[in-house]
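First up is the structure itself, then whatever we jot down about it.
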Amino acid sequence: MEMEKKTWEKLFVIIAFILSIVAILNSFFNINIKTISIEGSDVVGWSVGILQVSITIVVSWQIYHVVVFEGKVDEKIKSVSENLEEHINQEIEKQTLTTNVKICQTLGFVFTQSNDSFNAIIWYMEAIDYLLKLPNNEVSINIEISYVRKEVEKVQNEQDIMIDSRLQNKCLKVLYQIENNVDVKYLLDFFKSLKTNDC
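FYI, my numbering numbers position 6 of the sequence shown as 7, with every residue one higher than the one before it.
See the structure below:
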């Protein structure tokens, strides 16, 4: 279809060019072609008629191309706009997750410094949950797990630790998502051993 359009365009350009050359030669050499006639009509009338038709076709063709071009531009703008919006949304989500990780880590450190190991564990686990949603996070997750392990070792022998069952399930779910870490089994055993406060 595109090849056929280009062929028609070339044909119209050639016809317009030939008619333009004839008109230029006529104006420079003042050829009196009124006397030449084709079946009772003069050549000037035919020339003007052909020029009008060719100009109409060329102008119509250009208008058609402008309309098609505007449509393509609109499609391209829409496509770029959608891609940009998607990229911005992904970046916002990534930055939100990163901010949440930093907040959870900070709260974990605060509770660690105040010797509240259980709350530190919960906030470190929350940080791991957010890290699992970010790409290329294995090193950061391993660091957070090491913090959790240190805090678990501090409270492991305490008998009266109670945990909400929903929080326990959330921590277990987070740990089940982690691969290639030797401390995960130890932490799973710890969270499974905790007493829930809805018993």
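Even for Gly, the Cβ is constructed at its ideal location relative to N, Cα and C.
Spatial distance of residue i from residue j (CA atoms)
i, j, result
"THR97", "THR57", "59 angstroms"
"LEU133", "ASN181", "14 angstroms"
"PHE192", "VAL81", "48 angstroms"
"VAL49", "SER55", "10 angstroms"
"LYS95", "VAL68", "41 angstroms"
"ILE78", "ILE64", "21 angstroms"
"GLU154", "TYR177", "20 angstroms"
"ASP184", "SER147", "8 angstroms"
"SER1", "GLU83", "A query on residue 1 cannot be resolved here, the shown segment of the chain reaching from 2 to 200 and no further."
"VAL111", "ASP75", "53 angstroms"
"ASP190", "GLU127", "18 angstroms"
"SER194", "VAL149", "16 angstroms"
"ASN101", "LYS73", "42 angstroms"
"GLN91", "LYS171", "25 angstroms"
"TRP9", "VAL60", "14 angstroms"
"TRP62", "GLU71", "14 angstroms"
Whole-Å CB distance - residue i paired with residue j, under 8 angstroms assumed
i, j, result
"THR113", "GLU159", "Actually they are not in contact, since the Cβ atoms of THR113 and GLU159 sit about 16 angstroms apart, beyond 8 angstroms."
"LEU168", "ILE129", "Incorrect: roughly 14 angstroms between the Cβ atoms, too far for contact."
"THR197", "ILE162", "In fact, because the Cβ distance is near 10 angstroms, the residues do not count as touching under 8 angstroms."
Identity of the residues DSSP links to residue i by a beta bridge
i, result
"THR197", "ILE164"
Helix, strand or coil at residue i [DSSP, three-state]
i, result
"VAL183", "coil"
"ASN116", "coil"
"LYS134", "coil"
"GLU159", "coil"
"GLN63", "helix"
"GLN178", "coil"
At least three beta-carbon pairs within less than 8 angstroms, the segment 135-143 to the segment 114-122: no
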